[in-house]
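Note that the sequence shown covers residues -22 to -1, 1 to 266 in mature numbering (1 follows the signal peptide of the UniProt record, and there is no 0).
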Amino acid sequence: MFLAHCLAVAMLAVAGAMQTHAKAVFAHFIVGNSASSTPADWNDDINKAKAAGIDGFALNIAPGVSYTNTQLTNAYQAANAIGGFSLFLSFDYLATGPWVASDVINTIETYAGNPSQYRYNNQPLVSTFEGTNNIGDWPNIKAATGCFFVPDWTSLGPAGFQNQAGTADGAFSWDAWPQYPNAEVQSDQAWISALGSKPYMMGVPPWFYTNLPGKNWLWPSNDLWYNRWQQAIQYQPELVEIISWNDYGESHYIGPIRSPGIPSGAARYVDNMPHDDWRAFLPFYIAA
């Protein structure tokens, strides 16, 4: 009943908003949670995301994971076959350590030619999860691949990012949760100002909760899904990245639960806790 009430309120609020499309809305997809995913699973994920109005997945990949190429191939083949759905690579520099530049180049070149590869200014878009110690790799990576580079270097902050602005073509901010006592995230305008004319990819999560070894915290999230989309409507960013599609360990997944992908220790707060209803809001928010 509470969710139905929230949905009704959200629909009314968004219906009155200015109707202008953002360029694209993606969902952050952790490929590391997809070791057991089949082509049918990828088809199902993509069809569910499309039905919610999502334009594509940001495929988070960490180095040294044996099944990454298999699952990237499954993802691109599914998206190519289904059509109308885009993918781009997001290189994770924290999960298992930093990427080697030559491996980044090879991975981009392997998948950039797919019809479902998302392109910005006709260049394959590429992102990261952090990687600030490897900023110096990216001029050569960009020269080799011709990618449009929109990293998440949130740890630098907007001011620190400006010092690296010549390397990046845009920015994605993972600073998407409010700091108590603020009800809203405060950093978006600073990022937009720091970027000038470059595109801003705005992170939009529904909430955050994790209770794993060495990682046990909660962000204020009671009204976050509604408030964060209101901020997206206000700022009209070039790009939006929903955090996330399948990060079960941090509880902000909006996609279906695939039990083999649940991290050890997280099943007690993920099993039988579907978040599918969050997707019911999305067509209205994305259209606003």
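Quick reminder that beta carbons are idealized off the backbone N, C-alpha and C, glycines included. Computed from a prediction, not measured in an experiment: that's the story for all the values here.
Candidates the options: closest to residue i by CA position
i	options	result
H253	W223, H6, A265, Y213	W223
A137	I220, T123, D166	D166
A214	A265, I32, W20	In the sequence on display, residue 214 carries Gln and not Ala. The residue with the shortest Cα to Cα distance from Q214 is A265.
G124	N52, A57, I86	I86
A40	N21, T16, I8	I8
G10	N21, W207, L37, A18	L37
Y204	A122, P183, M179	P183
P156	D201, A121, P234	D201
Q208	I119, K120, Y263, I24	Y263
Identified DSSP bridge partners for residue i
i	result
R97	P102
residue 324	With the chain running from -22 to 266 in the structure shown, residue 324 is simply not present.
Integer-rounded CB distance, given that residue j should sit under 8 Å from residue i
i	j	result
W116	T145	5 Å
F63	P102	Between P102 and F63 the Cβ distance is about 15 Å, and since that is not below 8 Å, they are no contact.
A161	I221	Not a contact, Cβ separation roughly 18 Å.
K26	L217	21 Å between Cβ atoms; not a contact.
G34	Y96	5 Å
T106	F66	About 11 Å; that fails the 8 Å criterion.
Classification of residue i by the beta-carbon crowding that lies within 10 angstroms, buried from 16 upward
i	result
L260	buried
A29	exposed
H(-18)	Because the pLDDT at H(-18) is just 43, under 50, the model does not fix this residue reliably, and the value given afterwards should be weighed accordingly. Under this definition H(-18) is an exposed residue.
N250	exposed
H(-2)	With a pLDDT of 37 at H(-2), under the threshold of 50, the modelled position of this residue cannot be trusted; read the value that follows with caution. Result: exposed.
T16	exposed
W77	buried
K193	exposed
D130	buried
P238	exposed
Beta-carbon proximity of residue i to residue j, cut-off 9 Å
i	j	result
Y98	G148	yes
S199	Y187	yes
P241	L196	no
Y71	G109	yes
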